[in-house]
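Working notes, structure below.
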Amino acid sequence: MRNIKAKHKLIFIFTLYFFLFLVVLATLFISVFRYVYVYQLRQDLIHELGEVVEEHIGIDQAGIFFKKDKAGDTLRLNLFSDSVSALFLDKENKVMRAYGAFESQIKNNKEVENLNTLIANANKIEKVNEENFYWNNIQYLSFITPLKSRGQRVGSVVLAKSLVGLDTMMTNVFVVLAVLGGVGLLGSFFLGYIAINSSFKPILKIVRAFEATDLNRLEKKVHLDGHPDDEFVLLADKFNDMLERLNDMSLRQKEFIGNASHELKTPLTRAITSLDVMMTDRALPKDDLHLIKQDLLEINNLIEKLLLLARIKEGAMPQGSVILQNVLSFVMDKYIDSLHKKRIELHHETSSRFIIPVPKEYAIMIFANLMSNAVKYSSNDSTIYIKINEAKRQITIQDHGIGMTEEEKSKMFERFYRGKKTHNTIKGYGLGLSLIKQICDEYEVKIIVDSKPEDGTSVTLIFPL
């Protein structure tokens, strides 16, 4: 089965189930048919028994005597017309008359003894008794009833019908069902083949779309007609959603590569130029050396972010904790010049007892990125607030900058994503918030963002106990 195609497996399974269905249906039909046939045979015998006893048998002091019915028909004619065999016995179980199958062989048939045993057993319970027995290797359904006069048994009657007709009909029915089953099985195979091939067309369409997909053609979509809840339509929609995400990520990655190439090239060019000057002019001012150092630190910072993202993806994150105030003091000192440059006021609360379950290195990275964004996206002469709620184990950094739309807010933590307003005006790579989100997820820190365009952004971090 491992080497068989999926659609061929489905055709085989469909045909197998259809075959099992036919077998169950045929078995049920044969059982019902046999039951109905025997039931009708039983009813005919009961009716015949009543007619024989009432119309053709009389009882007097001498015993049993036979007579014609009201229409003048004899007992033999009546039994012959209904294809019923009959045996009449006296009170000593000696044969008085035999008709039908019993008539020709009653004297020398060894099975009379078995029949007498059945009659004797029926006489003991003194009621009509239904028995199946074999006579000359033919199965019969019979009714045996005692004949009584004044409460005393004076004889017995056996009426029987052969089940040969049932066996013949069952054989014919079986042959017909076998032929119809074979035709149905063959038809189900071809119909299953056609139906499953038709059902697999959407999958083949999706497969061809997979084959035609590459990083330069991610905009190509699969279009399937059908009910929105159809499984293949849902699969195609999910495939298209995946292509959209991949296309979006590919565009952002290309944008990042372009930005990173440009941003890395600029400080490297400046650093190389300054080093060339140093080689020719040993009296290079310290300010120029400081610029070289800043350019190299900027390159190093970008590389560290990329390495950290890779490390988080591998799950290799250390455990630890740190006092929140120590981290905030370090971060505020780092951005004091940037705050003064844009004339931004910083209002912050303090807490010397608030310990967060994040290693110092990663805690600094979280708050440094949040503070960097707050400064970058705040307008001049604005205010940044840092609020601490130790009881709820949360800290909020709020600015009054350009804010974000709902679409930008929904994508802000995606890697390489940058808002449309800041795309060409504010320097960045789209890695900072993605880095924050992944670190917070690793240490089970919840992030709540509230932002409105031109009204600023508020980011709240809720730390676990």
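Mind the numbering: the sequence shown is residues 1 to 465 in UniProt numbering, read in order. In this text, a Cβ means the ideal position worked out from N, Cα and C, and glycines have one as well. Small disclaimer: the values here were computed from a predicted structure and weren't measured.
Contacts around residue i, its chain only, beta-carbon distance under 7 Å, and the 5 residues preceding and following it disregarded
| i | result |
| --- | --- |
| Gly-419 | Met-404, Glu-408 |
| His-400 | Ser-378, Ser-382, Thr-383, Gly-456 |
| Ile-46 | Phe-143 |
| Leu-41 | Leu-141, Lys-161 |
| Ile-206 | Val-222, Leu-235, Ala-236, Phe-239 |
| Ser-338 | Val-375 |
| Ile-364 | Val-327, Phe-330, Val-331 |
Close beta carbons around residue i, own chain, < 6 Å, minus the five adjacent residues each side
| i | result |
| --- | --- |
| Ala-368 | Val-331 |
| Lys-452 | Gly-403 |
| Gly-320 | Pro-359 |
N- and C-terminal bounds of the beta strand (DSSP E) containing residue i
| i | result |
| --- | --- |
| Gln-325 | Note, Gln-325: premise wrong, no beta strand (DSSP E); alpha helix (DSSP H) at 324-334. |
| Lys-446 | 446-452 |
| Leu-433 | Element bounds for Leu-433: not the beta strand (DSSP E) but the alpha helix (DSSP H), 432-442. |
| Val-459 | 456-462 |
| Lys-127 | Lys-127 -> no beta strand (DSSP E), and no H or E assigned at all. |
| Asn-137 | Neither: Asn-137 is in no beta strand (DSSP E) and is coded neither H nor E. |
| Tyr-417 | Careful: Tyr-417 lies outside any beta strand (DSSP E) and carries neither H nor E. |
| Gly-63 | 63-66 |
| Ile-344 | Taken as a continuous stretch (DSSP letters only), Ile-344 belongs to no beta strand (DSSP E), as it is neither H nor E. |
| Met-96 | 95-99 |
| Ser-321 | That residue, Ser-321, is in no beta strand (DSSP E); it is neither H nor E in DSSP. |
| Asn-389 | 383-389 |
| Asp-90 | 85-90 |
| Gly-58 | 57-60 |
| Ile-397 | 394-398 |
Contact under 7 Å by Cβ, residue i with residue j
| i | j | result |
| --- | --- | --- |
| residue 467 | Ser-81 | Because the chain here runs from 1 to 465, residue 467 falls outside it and cannot be looked at. |
| Ser-162 | Leu-89 | no |
| Leu-346 | Ile-384 | yes |
| Leu-461 | Ile-395 | yes |
| Phe-18 | Ser-188 | yes |
| Arg-150 | Lys-91 | no |
| Phe-14 | Gly-192 | yes |
| Tyr-37 | Leu-166 | yes |
| Gly-58 | Phe-65 | yes |
| Ile-138 | Val-173 | no |
| Lys-342 | Asn-380 | yes |
| Glu-390 | Ser-351 | yes |
| Val-459 | Ile-366 | no |
| Glu-55 | Asp-69 | yes |
Element boundaries [alpha helix (DSSP H), containing residue i]
| i | result |
| --- | --- |
| Ala-160 | Note, Ala-160: premise wrong, no alpha helix (DSSP H); beta strand (DSSP E) at 152-162. |
| Tyr-362 | 360-376 |
| Ser-81 | 75-81 |
| Ser-410 | 406-411 |
Contact belief for residue i with residue j at Cβ below 8 Å, rounded distance in angstroms
| i | j | result |
| --- | --- | --- |
| residue 477 | Ile-196 | Given that the chain is displayed from residue 1 to residue 465, the structure contains no residue 477 and the question cannot be resolved. |
| Phe-413 | Lys-437 | 4 Å |
| Val-322 | Pro-359 | 7 Å |
| Leu-465 | Arg-393 | 7 Å |
| Leu-177 | Ala-26 | 5 Å |
| Met-317 | Glu-442 | 5 Å |
Distance, residue j Cα to residue i Cα
| i | j | result |
| --- | --- | --- |
| Lys-376 | Lys-387 | 19 Å |
| Tyr-362 | Leu-243 | 33 Å |
| Ala-98 | Leu-87 | 5 Å |
| Asp-44 | Ser-142 | 11 Å |
| Leu-79 | Leu-22 | 41 Å |
| Leu-75 | Val-158 | 14 Å |
| Gly-63 | Lys-127 | 19 Å |
| Ile-448 | Asn-373 | 16 Å |
| Asp-229 | Gly-181 | 36 Å |
| Trp-135 | Asp-60 | 32 Å |
| His-340 | Lys-334 | 12 Å |
| Phe-102 | Val-179 | 38 Å |
| Leu-28 | Asn-129 | 29 Å |
| Leu-77 | Ser-83 | 10 Å |
| Lys-370 | Asp-241 | The question names Lys, yet the displayed sequence has Leu at residue 370. Straight-line Cα distance between these residues: approximately 31 Å. |
| Met-96 | Lys-148 | 16 Å |
Cβ-heavy atom distance, residue i to the ligand SAM, below 6 Å
| i | result |
| --- | --- |
| Lys-342 | This structure lacks the ligand SAM, and indeed carries no ligand of any kind. |
Cβ-based neighbour list, residue i, same chain, cut-off 8 Å, excluding 5 preceding and 5 following
| i | result |
| --- | --- |
| Met-170 | Ile-30, Phe-33, Arg-34 |
| Arg-208 | none |
Short CB-CB distance (under 7 Å) between residue i and chain C
| i | result |
| --- | --- |
| Asp-333 | This model lacks chain C altogether; it includes just one protein chain. |
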